[in-house]
Structure formats: C-alpha cells, structure tokens
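**Q**
Numbering (UniProt numbering), first residue to last: 1 to 179.
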C-alpha cells in the first residue's frame, strides 16, 4: 500500500512571477508571495528570469529548512540574460535542488484566462491544435517528477517542528527582499 502524496505548495518570490501558472499545472496550493526570510516552506519556489528576482529566489531558498524546486519563468521569447544563466547554474550546483525553466508561451499574454488556456494546452488530447504547449507538457512532466521526489524525501526525514504559516499579525507587514 502506498501513501497518497499531499498537494504541493507553491510560492512566488514576488507578485506576477508565475506562481499561479505553476500551481495550475500541478494542481498545487498557491501561497502567492512568500516571506524572504525562509519561514514559509514551499515545495516549489517560482521566480522570473531577471537577475534580481533570481538572486532573491536563491537567497530565500537557502534559508528554507528543505530546499524547494526552483522554477524560473521566462519573461519573453528572447534569450535569457547571461547573468541569469550564470546564477541558475550556480543555484543548481549549490542548492542541490532542481532548477527548472518554464519557457514563454506566445498565446498566453493575449488570453483573458491564461491559466485555463495553458491547462487546456497541456492536458487536452488534441496535441495538433495545442502544438504550442508541447514544451509546457515536457516542463510539467519534469516538474511533477522533481516535486514528487522532493515531497518523498521530506516525508522520509524526521518531522521538523515548524509552522509554515506566519502569525496572523505578520500578514500586514510588507515582504522584505534583503539578502
């Protein structure tokens, strides 16, 4: 008998980085923007492909008791900045966690409901109509594998006494990004 895995928890380093998109792909719990001090544990930490956002994500992930899978979302269909590429290589080597890239999908910015459009593209059987979503299918498969591995590793470790949710009085405090 195998235990059923819990739903993955997804958090973003800032607003608008793609946290909801990743949560839709995984049927995960979307925490939105998380604290930079590492007090909120997540299974997946989402960031944009900008130098500063990647730095924030690396710094935040280092402070978490269990390293999250790092997902970096493209901001355009162009090449990624060289500094971002270097930081992602460094993160993959030093964080000992998967660093995955969610590419740009041209149809999404023009959609009133990009999350449903992406989910339809990924899960619909008509792969010819949704050919543009093939990279998202591959990304999702890779992400599911990485998240399952991370959750199983966490489950097998001794339970750590920590509360992933901040105290209610902390909710009105702005999120600080200082590393």
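Beta carbons are placed, not taken as given, at the ideal position from N, Cα and C, and that holds for glycine.
Would you check if the distance between the CB atom of residue 44 and the CB atom of residue 68 is smaller than 9 Å?
**A** Numbered from its first residue, the chain shown carries residue 44 at position 44. Numbered from its first residue, the chain shown carries residue 68 at position 68. Contact: yes.
**Q** For residue 62, count neighbouring C-beta atoms within 10 Å of its own C-beta (all shown protein chains included) and say buried if the count is 16 or more, exposed if not.
**A** Reading the chain shown from its first residue, position 62 is the one you call residue 62. Under this definition residue 62 is an exposed residue.
**Q** Please name the residue in 8, 145, 17 whose C-alpha comes closest to that of residue 50.
**A** Within the chain shown, the letter at position 50 stands for residue 50. When each option's Cα is compared against that of residue 50, the closest is 17.
**Q** Which whole runs of the beta strand (DSSP E) in the stretch 8–76 are 3 residues long or more, in chain order?
**A** As far as the stretch 8–76 is concerned, its whole beta strand (DSSP E) runs of at least 3 residues are 9–12, 29–33, 44–48, 69–73.
**Q** Considering just the uninterrupted stretch of the beta strand (DSSP E) at residue 211, what are its terminal residues?
**A** Summary: the structure shown does not reach residue 211, with the chain confined to residues 1 through 179, and so no result is reported for it.
**Q** Do you know offhand how far residue 154's Cα is from residue 106's?
**A** Position 154 of the chain shown, counting from 1, holds the residue named residue 154. Position 106 of the chain shown, counting from 1, holds the residue named residue 106. C-alpha separation (whole angstroms): 36 Å.
**Q** Judging by CA-CA distance, which residue of 70, 89, 4, 115 is the nearest neighbour of residue 13?
**A** Within the chain shown, numbered from 1, the residue matching residue 13 stands at position 13. Nearest of 70, 89, 4, 115 to residue 13, Cα basis: 70.
**Q** Quick one: residues in its chain with C-beta nearer than 7 Å to the C-beta of residue 42, no 5 flanking neighbours on either side, listed in chain order?
**A** For the purposes of this step, residue 42 is taken as the residue at position 42 of the chain shown. Result list for residue 42: 9, 10, 11, 31, 34, 68, in chain order.
**Q** What does the alpha-carbon distance come out to for the pair residue 7 and residue 148?
**A** Start at 1 with the first residue of the chain shown, and residue 7 comes out as number 7. Start at 1 with the first residue of the chain shown, and residue 148 comes out as number 148. So the two alpha carbons sit approximately 10 Å from each other.
**Q** Could you name the residues of the same chain whose beta carbon sits closer than 6 Å to that of residue 116, not counting the 5 residues immediately before and after it, in chain order?
**A** Here residue 116 is taken as the residue at index 116 of the chain shown, counted from 1. Nothing meets the Cβ criterion.
**Q** Quick check on the burial criterion: 16 or more other C-beta atoms within 10 angstroms. Buried or exposed for residue 4?
**A** Locating residue 4 in the chain shown gives position 4, where the first residue counts as 1. Residue 4 is exposed by the Cβ-count criterion.
**Q** Which residues bound the alpha helix (DSSP H) around residue 79?
**A** Counting from one through the chain shown, the residue named residue 79 turns up at place 79. Note, residue 79: premise wrong, no alpha helix (DSSP H); not H, not E.
**Q** Mind checking residue 121: buried by the 16 CB within 10 Å criterion, or exposed?
**A** Counting from one through the chain shown, the residue named residue 121 turns up at place 121. The residue is buried, with at least 16 neighbouring Cβ atoms inside 10 Å.
**Q** According to DSSP, is residue 126 helix, strand or coil?
**A** Start at 1 with the first residue of the chain shown, and residue 126 comes out as number 126. Residue state, collapsed to three classes: coil.
**Q** Measure from the alpha carbon of residue 37 to the alpha carbon of each residue in 98, 23, 56, then state which is nearest.
**A** Along the chain shown, one-based indexing puts residue 37 at 37. With distances taken between Cα atoms, residue 37 lies closest to 56.
**Q** At a cut of 8 Å, does the stretch 89–109 reach the stretch 128–146 through at least three beta carbon pairs?
**A** Flag = yes, the stretch 89–109 and the stretch 128–146 touch.
**Q** Just to confirm, is the Cβ distance from residue 24 to residue 118 under 9 Å?
**A** Taking the chain shown and counting its residues from 1, the one referred to as residue 24 is at position 24. Taking the chain shown and counting its residues from 1, the one referred to as residue 118 is at position 118. Yes, the pair counts as a contact, with Cβ atoms nearer than the cut-off.
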